[in-house]
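>
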Amino acid sequence: MEPWEEDGPETVKRFMYVNRKAPYGTIYALENLEVVLIAAAFDQDVSVVFLDDGVYQLKKNQHTAAIGMKNFSNTYRALDDYDVEKIYVEQESLQSRGLSAEDLIIPVEVVAADDLREIMAQQDVVISS
Amino acid sequence: MEPWEEDGPETVKRFMYVNRKAPYGTIYALENLEVVLIAAAFDQDVSVVFLDDGVYQLKKNQHTAAIGMKNFSNTYRALDDYDVEKIYVEQESLQSRGLSAEDLIIPVEVVAADDLREIMAQQDVVISS
Amino acid sequence: MTTMLHLVNKSPGERNSLDSCLRLAKAGSAVLLLEDGVYAAMANATSAEAVTACMGKLIFYVLGPDVSARGLDDVPLLDGINVVDYGGFVDLVVEHDTAQSWL
Amino acid sequence: MTTMLHLVNKSPGERNSLDSCLRLAKAGSAVLLLEDGVYAAMANATSAEAVTACMGKLIFYVLGPDVSARGLDDVPLLDGINVVDYGGFVDLVVEHDTAQSWL
Amino acid sequence: MKFGILVNEGPFTHQASDSAYRFAEAAIAKGHEVARVFFYNDGVFNSNKLSEPQSDDRNLVQLWSQLAQENGIDLVVCVAAALRRGIKEEVLQDGFRISGLGQLVEAGIENDRLVVFGD
Amino acid sequence: MKFGILVNEGPFTHQASDSAYRFAEAAIAKGHEVARVFFYNDGVFNSNKLSEPQSDDRNLVQLWSQLAQENGIDLVVCVAAALRRGIKEEVLQDGFRISGLGQLVEAGIENDRLVVFGD
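Spelled out as structure tokens, the structure:
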């Protein structure tokens with residue numbers, strides 16, 4: 002939050018969108034992404050976190066033709082266009098799944114649980130699905 | 002299966018209904034029980050298994066008034082009236098939850114995983130939810 | 002720094018929600034166990050170890066109506082877990098700046 | 002004695018379905034990993050240990066379309082897991098007397 | 024204090040909507056305001072007026088509707104989530120309205136707390 | 024071989040119905056018969072004709088209906104599960120019928136295999 006925003010008529014809140022579920026097995030990944038894209042249009046401080054199986058949402062190289070479902074993984078690239086820049090992935094979640102930042106479809110900030118804990122503790126509104 | 006049934010016009014199959022989910026948090030326990038009560042009317046070999054969090058379905062002393070949901074735990078008592086007599090509870094699931102057969106609302110056969118494995122392997126149709 | 006109330010509604014015998022909450026909740030935060038999450042309050046379940054290990058760091062609450070519904074009134078709960086009703090749940094949300102649900 | 006095909010559709014990183022299946026599947030049974038269950042086939046995930054430990058006892062299959070959907074074509078899968086498509090899934094159901102879904 | 028509530032599951036399969044309802048009721052009893060309940064994911068099914076539970080079971084579709092009308096709660100059903108699940112005006116219970124996801128973000132901005140109930 | 028299929032989840036929130044549909048399609052392609060698909064729990068939502076997915080997404084309500092009409096599959100929606108969830112004749116897609124749980128047990132008795140898809 003910038004100093005002039007503190008004084009403005011509008012409150013700026015820190016919103017965190019938390020993703021803990023894998024894509025395709027359930028719709029939560031897709032519908033949570035739809036929320037984030039809408040949220041980006043409001044002048045709030047938005048961050049998005051991927052942890053546990055949520056890190057699978059960002060796996061490169063998704064090909065869904067054979068399961069007949071829409072591949073929405075490219076839509077994560079739109080986060081940058083929408084000025085959603087705080088995208089965190091928990092390091093422990095990646096590691097225990099044998100993945101690294103190079104496996105992900107967009108650049109992210111990989112943070113250790115110890116750091117993610119601090120980031121989470123600073124949020125005003127946490128939306129998970 | 003009795004010898005004369007083998008020769009009869011109707012096939013008797015071994016049906017097993019598997020419960021692995023806790024009650025109230027989701028509807029699966031209740032709706033699976035509704036299936037078993039209907040299934041009892043067909044002349045098949047029916048067994049019901051409770052394992053993992055499914056063992057919680059049979060916990061005595063459920064009082065649901067304060068959550069506003071219907072207490073259906075007494076309905077398990079009807080299984081006996083419907084001649085559903087093969088009711089198995091996995092010993093390991095009970096133990097790891099700090100429970101024993103005395104905590105359950107109906108008499109059951111507590112079986113070790115090693116025995117349940119054999120029982121499961123003899124089924125023709127397994128319905129889980 | 003805000004104060005956080007963490008909500009865990011899944012059984013530790015089925016999912017990893019509680020583990021993740023305990024790993025990422027900051028010291029001094031509150032954790033309310035509700036719905037199937039209340040099974041984590043059982044003193045004699047193997048899941049008790051993880052909760053006990055965090056007792057000094059986090060403040061634990063359990064939703065009484067969900068405890069009673071599941072027949073756990075006659076089962077020992079972990080020492081140091083505070084039982085609240087829906088009104089107490091509301092108070093906890095009021096007393097903490099942010100509520101985070103571990104779905 | 003019937004021959005069994007076990008279906009596991011949940012990720013080992015979220016739920017206990019795979020653990021329970023591995024504990025209760027009889028030696029010689031087949032296990033098909035599908036939907037989010039395919040993550041259990043990843044060779045470099047910590048969940049690999051549990052599957053590897055059962056490799057001699059059970060025969061593992063993974064549903065290829067679900068592997069591709071989740072971007073796992075470029076990730077090493079465990080040796081000894083057979084990849085099948087929906088037709089292969091049908092064949093497995095035909096070849097085994099009973100299918101059990103670990104929901 | 025002003026609350027916003029997010030409900031991500033339908034009125035039967037998961038307890039989420041029950042818990043949210045009991046929470047809302049208790050908040051109002053304590054003199055707080057529940058300004059908006061937003062229904063997302065399968066939560067949109069909470070607005071289906073065709074829902075007919077057994078006579079001895081609770082009816083959350085009606086309970087939400089009554090609580091809202093008595094206490095001026097804005098019950099908002101997400102249009103995108105509703106469309107794909109077949110929830111449209113023709114089956115919408117009184118007291119609910121269909122609108123966009125922006126209403127959820129607003130609920131987070133304008134209320135003192137947002138509490139999420141889901142699976 | 025004759026198959027029965029049980030679908031426990033709706034057409035969007037979980038992949039169960041997708042997997043069941045792909046399985047049924049593949050079984051038919053291999054010359055097997057899919058005699059009955061029984062929809063239980065949230066599976067009853069697969070029959071909601073008001074369902075309107077985005078234009079670039081699959082529409083499982085229509086897909087099931089078409090597959091059934093082309094291949095003589097009996098699509099049965101559980102009446103008890105449907106009533107509480109607000110699925111009634113007035114929103115029922117062509118090709119589905121509402122009936123009792125006995126139809127599920129029968130599907131287990133009369134078919135060579137019963138395969139369950141759920142959460």
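Protein chains in written order, with this note's numbering: chain A, 2 to 130; chain B, 2 to 130; chain C, 2 to 104; chain D, 2 to 104; chain E, 24 to 142; chain F, 24 to 142. In this text, a Cβ means the ideal position worked out from N, Cα and C, and glycines have one as well. Just so we're clear, the structure is a prediction, and the values are computed from it rather than from any experiment.
With C-beta atoms as the reference, is residue 36/D less than 7 Å away from residue 74/D?
Translated into the one-based positions of the fourth sequence, residue 36/D becomes position 35. Translated into the one-based positions of the fourth sequence, residue 74/D becomes position 73. It is not a contact, given that the beta carbons lie outside the stated cut-off.
> Might you give, ordered along the chain, the residues of its own chain that have their beta carbon closer than 7 Å to the beta carbon of residue 67/F, omitting 5 neighbours on each side?
Looking up residue 67/F in the sixth sequence gives position 44. If we look at residue 67/F and ignore the five residues flanking it on each side, its Cβ neighbours are 100, 101, 104, 105, 108, 110.
> Any beta carbon from chain C within less than 7 Å of residue 83/B's own beta carbon?
The sequence position of residue 83/B within the second sequence is 82, counting from 1. By this cut-off, residue 83/B is not an interface position.
> Does any CB atom of chain F fall closer than 7 Å to the CB of residue 32/B?
In the second sequence, counting from the first residue as 1, residue 32/B sits at position 31. It does; some Cβ of chain F falls within 7 Å.
> Flag this pair as touching only if the segment 46-65 of chain D and the segment 95-113 of chain A have three or more C-beta atom pairs under 8 Å; answer yes or no.
Touching, yes, given that three or more Cβ pairs across the two stretches are closer than 8 Å.
> Cβ closer than 7 Å: which chain C residues qualify as neighbours of residue 15/D?
The sequence position of residue 15/D within the fourth sequence is 14, counting from 1. Per Cβ cutoff of 7 Å: 16, 17.
> Can you find a CB in chain E that lies within less than 7 Å of the CB of residue 71/B?
Position 70 of the second sequence, counted from the start, is the residue given in the question as residue 71/B. For residue 71/B, the answer is yes, since a Cβ of chain E falls inside 7 Å of its Cβ.
> Need the endpoints of the beta strand (DSSP E) that residue 5/C sits in, please.
The residue labelled residue 5/C in the question sits at position 4 within the third sequence. First-last of the beta strand (DSSP E) with residue 5/C: 5-9.
> Can you have a look at residue 27/B and say buried or exposed, based on whether 16 or more other CB atoms are within 10 angstroms of its CB?
Within the second sequence, the letter at position 26 stands for residue 27/B. Classification for residue 27/B: buried.
> For a contact defined as C-beta to C-beta under 8 Å, what are the partners of residue 65/A on chain D?
Residue numbering aside, residue 65/A sits at position 64 when the first sequence is read from its first letter. The answer, in chain order, is 69, 70.
> Taking 8 Å as the limit between beta carbons, can you name the residues of its chain near residue 87/C, skipping five residues before and five after?
Stepping through the third sequence from its first residue, residue 87/C is reached at position 86. Excluding positions up to five away in sequence, the list reads 64, 66.
> Taking 7 Å as the CB-CB cut-off, is residue 114/A touching chain C?
The residue you call residue 114/A lines up with position 113 of the first sequence. Judged by the 7 Å Cβ criterion, residue 114/A is in contact with chain C.
> Can you look up residue 73/D in the DSSP assignment and give me helix, strand or coil?
What you label residue 73/D is simply residue 72 of the fourth sequence in a count that begins at 1. Coil at residue 73/D, not helix or strand.
> Could you check where the beta strand (DSSP E) with residue 91/A kicks off and where it finishes?
Residue mapping note: residue 91/A aligns to position 90 of the first sequence, counting from 1. 87-91 is the extent of the beta strand (DSSP E) around residue 91/A.
> Given this structure, state the Cα-to-Cα distance separating residue 75/E from residue 82/E, to the nearest angstrom.
Within the fifth sequence, numbered from 1, the residue matching residue 75/E stands at position 52. Within the fifth sequence, numbered from 1, the residue matching residue 82/E stands at position 59. The alpha-carbon atoms of residue 75/E and residue 82/E are separated by roughly 7 Å.
> What in chain A is Cβ-close to residue 43/D, meaning under 8 Å?
Residue mapping note: residue 43/D aligns to position 42 of the fourth sequence, counting from 1. The answer, in chain order, is 98, 99.
> Using Cβ-Cβ distances below 7 Å, what residues of the segment 27-43 of chain F are close to chain A?
Those residues of the segment 27-43 of chain F that come within reach of chain A (Cβ to Cβ, closer than 7 Å) are 35, 36, 37, 38, 41.
> Could you compute how far the alpha carbon of residue 16/B sits from the alpha carbon of residue 139/F?
Locating residue 16/B in the second sequence gives position 15, counting from the first residue. Locating residue 139/F in the sixth sequence gives position 116, counting from the first residue. For residue 16/B and residue 139/F, the distance between alpha carbons rounds to 13 Å.
> In chain C, which residues lie with their C-beta within 7 Å of the C-beta of residue 50/E?
As a working mapping, residue 50/E is identified with position 27 in the fifth sequence. Those are 91, listed as they occur along chain C.
> If we define contact as Cβ-Cβ less than 7 Å, is residue 104/C a contact residue for chain E?
Here residue 104/C corresponds to residue number 103 of the third sequence, with the count starting at 1. Yes, residue 104/C counts as interfacial toward chain E.
> Compare the C-beta of residue 3/B with all C-beta atoms of chain F and state if any pair is closer than 7 Å.
Along the second sequence, read from residue 1 onward, the residue named residue 3/B stands at position 2. Its pLDDT being 49, under 50, residue 3/B is placed unreliably by the model, and nothing is read from it.
> Over the uninterrupted beta strand (DSSP E) stretch that includes residue 102/D, give me the two end residues.
In the fourth sequence, residue 102/D corresponds to position 101, counting from 1. Residue 102/D -> beta strand (DSSP E) spans 99-102.
> If contact means a Cβ-Cβ distance below 7 Å, which residues of the segment 76-88 of chain E contact chain B?
Under the 7 Å Cβ criterion, the segment 76-88 of chain E contributes 79, 80, 81.
> At what residues does the beta strand (DSSP E) containing residue 64/C begin and finish?
Taking the third sequence and counting its residues from 1, one reaches residue 64/C at position 63. Unbroken beta strand (DSSP E) run through residue 64/C: 60-64.
> Please look up how many angstroms separate the CB atoms of residue 41/A and residue 47/A, rounded, as I've assumed it's under 8 Å.
Position 40 of the first sequence, counted from the start, is the residue given in the question as residue 41/A. Position 46 of the first sequence, counted from the start, is the residue given in the question as residue 47/A. 6 Å between Cβ atoms; contact.
> What does the alpha-carbon distance come out to for the pair residue 61/A and residue 111/A?
Within the first sequence, numbered from 1, the residue matching residue 61/A stands at position 60. Within the first sequence, numbered from 1, the residue matching residue 111/A stands at position 110. Spanning the two alpha carbons is a distance of roughly 16 Å.
> For the beta strand (DSSP E) containing residue 101/F, name the first residue and the last one.
Here residue 101/F refers to the residue found at position 78 of the sixth sequence. Its beta strand (DSSP E) spans residues 97-101.
> Which ranges would you report for the alpha helix (DSSP H) in the segment 31-119 of chain B if only whole runs of at least 4 residues count?
Those alpha helix (DSSP H) runs which fall completely within the segment 31-119 of chain B and span 4+ residues are 79-82, 92-97.
> Along the chain, where does the alpha helix (DSSP H) that runs through residue 52/C open and close?
Taking the third sequence and counting its residues from 1, the one referred to as residue 52/C is at position 51. 49-54 is the span of the alpha helix (DSSP H), which, as asked, contains residue 52/C.
> Between the beta-carbon of residue 45/A and the beta-carbon of residue 99/C, is there less than 7 Å?
Position 44 of the first sequence, counting from 1, holds the residue named residue 45/A. Position 98 of the third sequence, counting from 1, holds the residue named residue 99/C. No, the Cβ-Cβ distance between residue 45/A and residue 99/C is not below 7 Å.
> Report the CB separation of residue 1/D from residue 103/D in whole angstroms; it is logged as a contact under 8 Å.
Coverage of chain D is limited to positions 2 through 104, which leaves residue 1/D absent and any answer about it impossible.
> Return helix, strand or coil for residue 139/F, following the three-state DSSP convention.
Counting from 1 along the sixth sequence, the entry for residue 139/F is found at position 116. Three-state result, residue 139/F: strand.
> Taking DSSP as the reference, what is the three-state secondary structure of residue 32/F?
The residue you call residue 32/F lines up with position 9 of the sixth sequence. Correct three-state label for residue 32/F: coil.
> For residue 117/F, count neighbouring C-beta atoms within 10 Å of its own C-beta (all shown protein chains included) and say buried if the count is 16 or more, exposed if not.
As a first step, residue 117/F is located in the sixth sequence; it is residue number 94 there, counting from the start. Exposed: under 16 other Cβ atoms inside 10 Å.
> Let me check understanding here. Comparing Cα to Cα, which of 94/B, 14/B, 120/B, 113/B lies closest to residue 148/B?
This structure gives no information on residue 148/B, because the portion of chain B shown stretches from 2 to 130.
> In or out: residue 43/D buried (at least 16 other Cβ within 10 Å) or exposed?
Walking along the fourth sequence from the start, residue 43/D turns up at place 42. Buried, since its Cβ has 16 or more Cβ neighbours within 10 Å.
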